[in-house]
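Residue numbers (our numbering): 5 to 369.
Here a beta-carbon is modelled for each residue, glycine too, at the ideal position from N, C-alpha and C.
These numbers come from a predicted model, not from an experiment.
Single-structure report; data block below.
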């Protein structure tokens with residue numbers, strides 16, 4: 005047993021979801037390849053006198069069900085989601101990438117209906133339950149990262165096991181500054197966008213919901229966003245991958261969108277519902293061990309020197325009033341290698357080319 009798996013399990017059980025006596029914990033995982041970690045988690049949950057349950061998922065089978073789903077099937081799916089939220093205290097979701105395009109044939113109408121009908125129960129799960137999401141390293145992940153599998157396995161475990169408690173301390177000056185800020189301006193190649201975050205809380209993400217982690221998020225005042233932003237990382241969503249997404253905003257709403265390919269698919273996503281054309285999250289990424297994109301949002305949104313500006317649903321703990329069944333984290337890397345850029349808080353430069361320039365923030369570099 006890799007000692008780093010034991011360390012990761014300990015972090016998840018005792019830090020991320022804080023399992024205590026009699027907590028009912030649902031571990032959902034996508035391949036038996038994840039068994040080494042699942043076994044560690046079960047042992048640690050028992051040590052805390054919690055009650056572990058497991059659910060092995062198969063994306064090929066799940067996609068087949070969705071491809072043929074009608075309203076009756078969708079209603080039963082929502083009932084199952086409701087049962088889980090009503091009967092479990094903690095959720096640990098372990099993804100394992102085998103084929104990101106498995107659900108490519110699921111229609112937008114099915115996605116829209118399922119998203120709409122499950123929105124309320126999903127909000128409860130996200131905002132009122134303890135949960136954590138992570139990826140177990142797979143061959144496909146190694147391929148996307150352009151690394152040998154052994155090298156990627158070692159890299160991913162090292163990235164997931166960063167010192168989150170130390171990170172949580174280093175983030176405090178940025179949190180304080182963000183919560184005092186009104187106007188934000190982001191500038192870069194084909195990007196010049198402004199918005200207000202006045203009065204909005206800033207929420208640290210240091211290993212309590214995502215692993216790997218390393219971001220601080222808030223949300224713009226819903227109708228304050230104006231300008232253009234162009235994202236420079238591959239953006240997978242529902243079996244499609246989009247490149248060079250460019251969004252133009254007027255009074256908070258996406259009024260024009262484009263990308264290199266599949267532009268009609270892109271427009272479909274933003275037509276899912278009214279909230280899909282407004283922003284629900286603005287976040288800065290700073291995991292020191294993640295420096296390049298690999299087409300996996302769980303890693304890419306934490307890239308040192310990145311930001312994500314997210315169309316769709318806001319989080320309850322940073323509520324700007326935007327309601328949607330989508331939440332799509334689109335990433336812009338601003339390091340010099342990826343074209344550079346600046347972020348201003350109330351007309352003061354706080355980050356240039358991915359590095360914080362204010363003395364009180366430099367520890368995050």
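Classification of residue i by the beta-carbon crowding that lies within 10 angstroms, buried from 16 upward
| i | result |
| --- | --- |
| residue 216 | buried |
| residue 71 | exposed |
| residue 9 | buried |
| residue 304 | buried |
| residue 84 | exposed |
| residue 87 | exposed |
| residue 228 | buried |
| residue 60 | exposed |
| residue 326 | buried |
| residue 107 | buried |
| residue 310 | buried |
| residue 131 | exposed |
| residue 226 | buried |
| residue 48 | buried |
| residue 287 | buried |
| residue 313 | buried |
| residue 352 | exposed |
| residue 24 | exposed |
| residue 291 | buried |
| residue 13 | buried |
| residue 165 | buried |
Rounded C-alpha distance that separates residue i from residue j
| i | j | result |
| --- | --- | --- |
| residue 354 | residue 77 | 50 Å |
| residue 89 | residue 337 | 35 Å |
| residue 270 | residue 246 | 8 Å |
| residue 253 | residue 109 | 30 Å |
| residue 54 | residue 30 | 11 Å |
| residue 75 | residue 241 | 23 Å |
| residue 51 | residue 332 | 37 Å |
| residue 125 | residue 339 | 38 Å |
| residue 250 | residue 233 | 6 Å |
| residue 144 | residue 203 | 42 Å |
| residue 64 | residue 44 | 26 Å |
| residue 306 | residue 293 | 9 Å |
| residue 205 | residue 187 | 14 Å |
| residue 148 | residue 273 | 24 Å |
| residue 365 | residue 180 | 11 Å |
| residue 120 | residue 82 | 10 Å |
| residue 73 | residue 122 | 15 Å |
| residue 356 | residue 369 | 11 Å |
| residue 334 | residue 315 | 8 Å |
| residue 265 | residue 56 | 44 Å |
| residue 209 | residue 127 | 18 Å |
| residue 41 | residue 297 | 25 Å |
| residue 140 | residue 183 | 34 Å |
| residue 267 | residue 11 | 43 Å |
| residue 367 | residue 222 | 20 Å |
| residue 158 | residue 7 | 12 Å |
| residue 302 | residue 200 | 26 Å |
Cβ separation of residue i and residue j, assumed to be a contact under 8 Å, to the nearest whole Å
| i | j | result |
| --- | --- | --- |
| residue 283 | residue 238 | About 20 Å; that fails the 8 Å criterion. |
| residue 160 | residue 101 | That pair is no contact at about 11 Å. |
| residue 248 | residue 230 | Rounded, the Cβ-Cβ distance is 21 Å, inconsistent with contact. |
| residue 134 | residue 91 | About 14 Å separates the two Cβ atoms, so there is no contact after all. |
| residue 178 | residue 220 | 6 Å |
| residue 350 | residue 198 | Contact doesn't hold; Cβ gap of about 11 Å is too wide. |
| residue 34 | residue 94 | Not a contact, Cβ separation roughly 18 Å. |
| residue 329 | residue 295 | About 33 Å; that fails the 8 Å criterion. |
| residue 104 | residue 243 | 7 Å |
| residue 46 | residue 96 | That pair is no contact at about 10 Å. |
| residue 256 | residue 317 | Incorrect: roughly 15 Å between the Cβ atoms, too far for contact. |
| residue 289 | residue 218 | 6 Å |
Segment contact, 8 Å Cβ cut-off, at least three pairs: the stretch 10-20 with the stretch 198-216: Cβ pair count under 8 Å is three or more, so yes.
Contained alpha helix (DSSP H) runs [length at least 4] in the stretch 28-114, N- to C-terminal order: Within the stretch 28-114, the complete alpha helix (DSSP H) runs of at least 4 residues are 39-51, 63-71, 75-91.
Segment contact flag, the stretch 355-363 with the stretch 253-265, C-beta cutoff 8 Å, min 3 pairs: Pairwise C-beta distances place the stretch 355-363 out of contact with the stretch 253-265, as fewer than three of them are shorter than 8 Å.
At least 3 beta-carbon pairs within less than 8 Å: the stretch 167-180 vs the stretch 51-68: No, because fewer than three Cβ pairs between the stretch 167-180 and the stretch 51-68 fall closer than 8 Å, the two stretches do not touch.
Ranges of the beta strand (DSSP E) found wholly within the stretch 302-351, counting only runs of at least 3: DSSP runs (the beta strand (DSSP E)) wholly in the stretch 302-351: 310-315, 335-337, 346-349.
Cβ contact (3+ pairs, closer than 8 Å) linking the stretch 145-161 and the stretch 108-115: No, because fewer than three Cβ pairs between the stretch 145-161 and the stretch 108-115 fall closer than 8 Å, the two stretches do not touch.
Contact the stretch 326-345 vs the stretch 187-196: 3+ CB pairs below 8 Å: In short, these stretches touch, since the Cβ pair count reaches three.
Length at least 3, wholly inside the stretch 239-308: the beta strand (DSSP E) runs in chain order: Here the runs fully enclosed are 239-241, 244-246, 250-254, 257-262, 283-289.
Ordered list of alpha helix (DSSP H) runs contained in the stretch 104-165, each at least 4 residues: DSSP runs (the alpha helix (DSSP H)) wholly in the stretch 104-165: 112-132, 143-148, 153-164.
Three-pair Cβ contact test at 8 Å for the stretch 277-294 versus the stretch 316-333: Enough Cβ pairs lie closer than 8 Å, so yes.
Contained beta strand (DSSP E) runs [length at least 3] in the stretch 170-224, N- to C-terminal order: As for any beta strand (DSSP E) of minimum length 3 sitting wholly inside the stretch 170-224, the runs are 187-192, 195-200, 207-209, 219-222, ordered along the chain.
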